[in-house]
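If you read the sequence shown in the working numbering, its first letter stands for residue 461, the second for the next number, and so on. Cβ coordinates follow ideal geometry from the N, Cα and C atoms, glycine included. In this text the structure is predicted, and so the values were computed from the model without any measurement. Structure record follows, encoded as structure tokens.
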Amino acid sequence: MEKVKKLNWGIMGAGVIAKRMANALNKTPQNHLYGIASKTPSRAKIFADENGVDQTYSYQELVTSKAIDVVYVATTHNFHFENAKLALENGKHVLIEKPFTVNANEARELVRIARKKKLFLMEAMWVRFLPAQKTLKKMLKNQEIGEIKECNITFGGIVSPKYETRLKDPNLAGGVTLDMGIYPISFICNVLGEIPVEIKSMTRFSDLGVDEIANYMFRFPSGCLVNICTSFNLHMIDKAIIYGSKGYIEYPQFQVGQRFTVSQHNGTNEIVNKSEVHEPCHDNGFVYQVEEVFRCINEGRLESEIISLDETVKIMEVMDKMRNEWGFKYPFE
Ligand SMILES: NC(=O)c1ccc[n+]([C@@H]2O[C@H](COP(=O)([O-])OP(=O)(O)OC[C@H]3O[C@@H](n4cnc5c(N)ncnc54)[C@H](OP(=O)(O)O)[C@@H]3O)[C@@H](O)[C@H]2O)c1
């Protein structure tokens with residue numbers, strides 16, 4: 461791939477998250493938001509006017525436009541596969557909102573197409589690129605709290621009206637695991653640098669038949685045990701606590717928080733050292749993932765080492781396995 465000076469982006473789906481991405485693209489000089497595509501032309505027009513986008517398109521026009529280098533898929537989960545496939549087959553680099561796809565079969569197929577066509581592809585797991593998560597990962601690797609043994613994460617909230625339909629509708633591949641549970645799963649895989657080898661889970665279904673509360677228990681190859689509780693209709697305290705042989709790290713507002721504390725003990729229950737780490741972050745955290753996409757494409761890389769395609773597929777497999785155990789399939793699967 462040739463070095464690029466600037467990337468022209470097109471967004472598929474003129475919804476809620478697309479606005480945040482538009483804002484991030486407008487803040488990174490090497491990236492330019494050129495096109496917005498919507499199934500509803502009037503939506504695309506309003507979006508373009510509000511976000512300073514040059515051109516409105518249908519999906520087909522967007523992926524065949526010579527002006528577009530990268531397509532950001534910002535539609536509901538059920539459409540990710542077909543939208544990303546369309547873009548890849550038309551020679552565009554692709555960034556897909558989380559979850560990458562609805563299941564691992566779809567994920568593997570997209571990876572196959574991207575590799576065959578030598579195009580860049582990435583899941584928009586933006587929190588991995590935030591300074592605090594990067595520092596946390598480094599500190600764990602440096603054994604600041606010794607050998608990592610255990611982690612508890614709670615992550616949930618009462619879904620806001622703007623996300624409610626999408627989260628609760630099985631036809632849009634709603635449910636807490638694909639929408640929210642994916643964050644703590646991806647977080648722990650990232651900071652440990654491993655994929656769980658043993659997986660146990662339970663869920664409670666909503667009236668509309670999607671998972672609304674879910675608990676996951678993982679064992680990682682290193683031996684680390686992890687408990688995750690997540691829900692889209694309980695006000696939960698977003699927090700990760702990671703326990704090592706020499707202490708623990710508490711990470712409130714887990715993932716997006718800029719601060720976490722490191723407590724070290726002396727081999728007993730006495731804490732001998734407690735410090736706070738503060739990693740300030742851009743007011744729109746999407747900027748970091750946009751910069752990563754630019755960096756990769758500019759350097760001729762087809763994927764990011766921070767979230768590799770193999771890892772994305774493996775995480776989809778973890779979620780498939782749990783849904784399988786619950787007997788939970790989406791109507792279109
Ligand atoms: N990274 C984050 O922090 C974050 C936060 C929220 C959401 N997300 C992810 O971003 C993606 C989009 O979420 P969102 O909240 O932006 O979704 P949204 O606003 O509800 O919808 C996004 C787009 O999907 C299409 N769509 C929505 N509902 C549809 C329906 N009933 N039938 C047909 N098409 C429909 C529309 O595309 P058209 O405009 O083409 O019609 C819409 O503009 C999801 O993957 C979600 O998980 C990420």
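Query                                                                                                                                    : Result
Cβ-Cβ distance between lysine 578 and leucine 762 below 9 angstroms                                                                      : yes
Counterpart residues of glutamate 610 in DSSP-defined beta bridges                                                                       : Leu685 and Tyr703
Buried versus exposed, by CB contacts within 10 Å (16 or more), arginine 783                                                             : buried
Helix, strand or coil at alanine 567 according to DSSP, with G and I counted as helix                                                    : helix
Rounded Cβ spacing between alanine 674 and valine 636 (contact assumed at less than 8 angstroms)                                         : 5 angstroms
Residue interval of the beta strand (DSSP E) (run including serine 661)                                                                  : 658–665
Beta-carbon contacts of serine 735 that lie in its chain and below 8 angstroms, excluding the five residues immediately before and after : Thr721 and Val722
Range covered by the beta strand (DSSP E) that runs through alanine 492                                                                  : Sequence inspection shows histidine at residue 492; the alanine mentioned does not correspond to that position. Unbroken beta strand (DSSP E) run through histidine 492: 491–497.
Glycine 551 (DSSP reduced to helix, strand or coil)                                                                                      : coil
C-beta atoms of leucine 638 and histidine 738 nearer than 9 angstroms                                                                    : no
Residue range of the unbroken beta strand (DSSP E) whose run includes asparagine 794                                                     : Nothing about residue 794 can be read from this structure; the chain reaches only from 461 to 793.
Helix, strand or coil at lysine 628 according to DSSP, with G and I counted as helix                                                     : helix
C-beta contact flag for glycine 475 and alanine 497 at 9 angstroms                                                                       : no
Same chain, Cβ closer than 6 angstroms to asparagine 511, neighbours up to 5 away in sequence not counted                                : Ala482
Cβ-Cβ distance between valine 657 and phenylalanine 680 below 9 angstroms                                                                : yes
Spatial neighbours of glutamate 793 in its chain, beta-carbon cut-off 8 angstroms, leaving aside the 5 residues before and after         : Val562 and Asn563
Where histidine 537 sits in the DSSP three-state scheme                                                                                  : helix
CB of leucine 485 within 9 angstroms of CB of aspartate 514, strictly                                                                    : no
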